[in-house]
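Numbering (the working numbering), first residue to last: 3 to 235.
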């Protein structure tokens, strides 16, 4: 009975010590969600008697993501991620809605303070490049585009069933496009636009799969030392 009790305790300790994230782990994930921003459109005018303006509003998108993370340490990982966004737009005076899309290519830096066999808590940040495109349904087929930066800080709990798992992400994203260009020459001569979204809120859900096992440290077996003493007769 005592042996059985000891075995149960040892099994429990081993299970608690097992980590779903470790040095050398390779985790691929994909997901989708929504983001909401407070938006600020800055207009700088080159026309006389027109003052610079800032228009405040709200912006939201639906997005999908996929990427991968590599374990540099049992508590630290680095990865790369692609994020595609479709912005929610209302109908304008033409009765149609403008098409607004953006794409983000991001480097992710993750810290794993808690990692057990079935649970992995991630605190991280996404930092990278973003490009946005507006297609306005007007008679001139106006196209507005710009490139800028995207930063997000997030909490990402992961649940595992073996190597497969589910996750939920809560983030605080920021986006900024310093200058927006257009295909309308007269518009470009009259003004220059900039756009930023701060602060934002991100909620997404996804799945992940973990490859590679932790490398086990092998210890060299010590060879018995040969005695140099003469045998005693």
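A virtual CB, placed ideally from N, CA and C, is assigned to each residue, including glycine. All of these numbers come straight from a predicted model, not from anything done at the bench.
Out of the options, which one is the CA nearest neighbour of residue i?
i, options, result
"residue 69", "30, 171, 197, 34", "30"
"residue 36", "213, 104, 205, 158", "205"
"residue 134", "38, 115, 180", "180"
"residue 124", "143, 73, 153", "73"
"residue 46", "57, 154, 149", "57"
"residue 61", "144, 48, 199", "199"
"residue 52", "146, 193, 24", "193"
"residue 185", "173, 140, 177", "140"
"residue 2", "131, 50, 121, 43", "For residue 2 there is no data in the structure shown, the boundaries of the chain being 3 and 235."
"residue 43", "195, 207, 201, 203", "195"
"residue 128", "89, 104, 145, 174", "174"
"residue 176", "49, 187, 91, 156", "156"
Using DSSP with H/G/I as helix, E/B as strand and the rest coil, what is residue i?
i, result
"residue 76", "coil"
"residue 199", "strand"
"residue 2", "Only positions 3 to 235 of the chain appear in the structure, and residue 2 is not among them; the question remains open."
"residue 189", "helix"
"residue 90", "coil"
"residue 213", "strand"
"residue 21", "coil"
"residue 98", "coil"
"residue 46", "strand"
"residue 31", "strand"
"residue 54", "coil"
"residue 120", "coil"
"residue 8", "Residue confidence is low: residue 8 scores 44 on pLDDT, short of 50, so the model does not pin down where it sits. No coordinate-derived value is stated."
"residue 81", "strand"
"residue 26", "coil"
Write down the C-beta distance between residue i and residue j rounded to the nearest angstrom, noting that I regard them as a contact closer than 8 Å.
i, j, result
"residue 108", "residue 85", "6 Å"
"residue 241", "residue 216", "Not covered by the structure: residue 241. The range shown for the chain is 3 to 235."
"residue 152", "residue 183", "About 19 Å; that fails the 8 Å criterion."
message = Using a Cβ distance threshold of 8 Å, determine whether the segment 158-165 contacts the segment 196-214, with at least three qualifying pairs required.
response = yes
Report task. Starting from the N-terminal side, write out each stretch of the beta strand (DSSP E) that is 3 residues or longer and does not extend beyond the segment 126-185. Result -> 145-163, 166-184
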